[in-house]
Every structure is written in structure tokens, then in C-alpha cells.
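*Asks:* Take this structure first; my questions come after.
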Amino acid sequence: MLMLIYQFFETYLFIFSSLIYGISDAPALATAGTDVAMETADLVLMSNQLEKIPYSLALSRATVRNMKQNIYFAVAIVVGLLIGVMTKNVFLASGMLIHELSVLLVILNAIRVIRFGNKSLTAS
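Numbering (this note's numbering), first residue to last: 1 to 124.
Structure (C-alpha cells):
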């Protein structure tokens, strides 16, 4: 039971404290102006539909996961090409072709985030 309470506070205390901190700063940020408030915020709610917050969090997690996949893939390809060039197994033309194809794969992988919808939220 104690472990469950600890996990609850570990998970939600930061979110709750950040929300309260943001609420207490709201009057000062409102005085400073919309641009300043949006620049300093980690999260900007553009509507009054708070039920969309879980969707936004899930979408941001999916986006970060996709970015990490793309970074790891791109770095692996570049390292592989570098090793291939240094061992004289990859020539300029084939290296450029492999690099350009890997860029296209990264773009196609990034496009997958567009299909993220409410179905993805209920599945997790």
C-alpha cells in the first residue's frame, strides 16, 4: 500500500505542482503579454477543452518516441557509411544513394505521427 502511495506521488506530484505553479504565475504573465506567456510556458492550452490534455500528452510522447527512432536510425546509417568509406567498401555514388534513401525513410517514419488519433489514446 505504501508503495502505491509513493508511486502515485512520484507520478502525479510533479504534474500537479507544475500546474499550481503555472496558475500562480498566470496574473504576472497576463500582465506581461500573450507572447511572453507563450514563450515561457512548457504547455499552452489554446482552448478550454481540458479533456484534450491526455490526448496532447500521448501525442507528445509519440512524437518524442518517433524523433528518437529517427535520430538513432540516422546516426547508425552515418556511422555505417563512415566505416564503409574508411574501409573502402562504400564508394561516393553508392554512399550518397544510401544516405538519400535513409533520409527518405526518416521522413516516412516521421509522417506516421500524422496518423496519430484518438484510437491510439484508447489503445494505450
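A virtual CB, placed ideally from N, CA and C, is assigned to each residue, including glycine.
Need the endpoints of the alpha helix (DSSP H) that Phe73 sits in, please.
*Replies:* Here residue 73 corresponds to residue number 73 of the sequence shown, with the count starting at 1. First-last of the alpha helix (DSSP H) with Phe73: 53-86.
*Asks:* According to DSSP, simplified to helix, strand and coil, what is Gly117?
*Replies:* The sequence position of residue 117 within the sequence shown is 117, counting from 1. The answer is coil: DSSP assigns Gly117 none of H, G, I, E or B.
*Asks:* When you compare the CB positions of Ala58 and Ser102, do they come within less than 8 angstroms of one another, or not?
*Replies:* As a working mapping, residue 58 is identified with position 58 in the sequence shown. As a working mapping, residue 102 is identified with position 102 in the sequence shown. Result no, Cβ atoms of Ala58 and Ser102 do not sit closer than 8 angstroms.
*Asks:* Give every residue of the same chain whose Cβ lies closer than 8 angstroms to the Cβ of Gly95, excluding the five residues on either side of it in the sequence, and list them in chain order.
*Replies:* In the sequence shown, the residue the question calls residue 95 occupies position 95. Leu81, Gly84, Val85.
*Asks:* Give a yes or no on whether the C-beta atoms belonging to Ala62 and Phe116 are separated by under 8 angstroms.
*Replies:* Translated into positions along the sequence shown, residue 62 becomes position 62. Translated into positions along the sequence shown, residue 116 becomes position 116. Yes; because the gap between Cβ atoms is below 8 angstroms, this pair is in contact.
*Asks:* Any idea what DSSP makes of Leu45, helix, strand or coil?
*Replies:* Within the sequence shown, residue 45 is the residue found at index 45, counting from 1. Three-state DSSP puts Leu45 in coil, outside helix and strand.
*Asks:* Would Val113 and Asn66 be called neighbours here (beta carbons separated by less than 8 angstroms)?
*Replies:* Translated into the one-based positions of the sequence shown, residue 113 becomes position 113. Translated into the one-based positions of the sequence shown, residue 66 becomes position 66. Against a cut-off of 8 angstroms, the Cβ pair of Asn66 and Val113 comes out as a contact.
*Asks:* Should Val90 be labelled buried (16 or more other beta-carbon atoms within 10 Å of its own) or exposed?
*Replies:* The count along the sequence shown starts at 1 and reaches residue 90 at position 90. When all chains shown are included, Val90 counts as buried.
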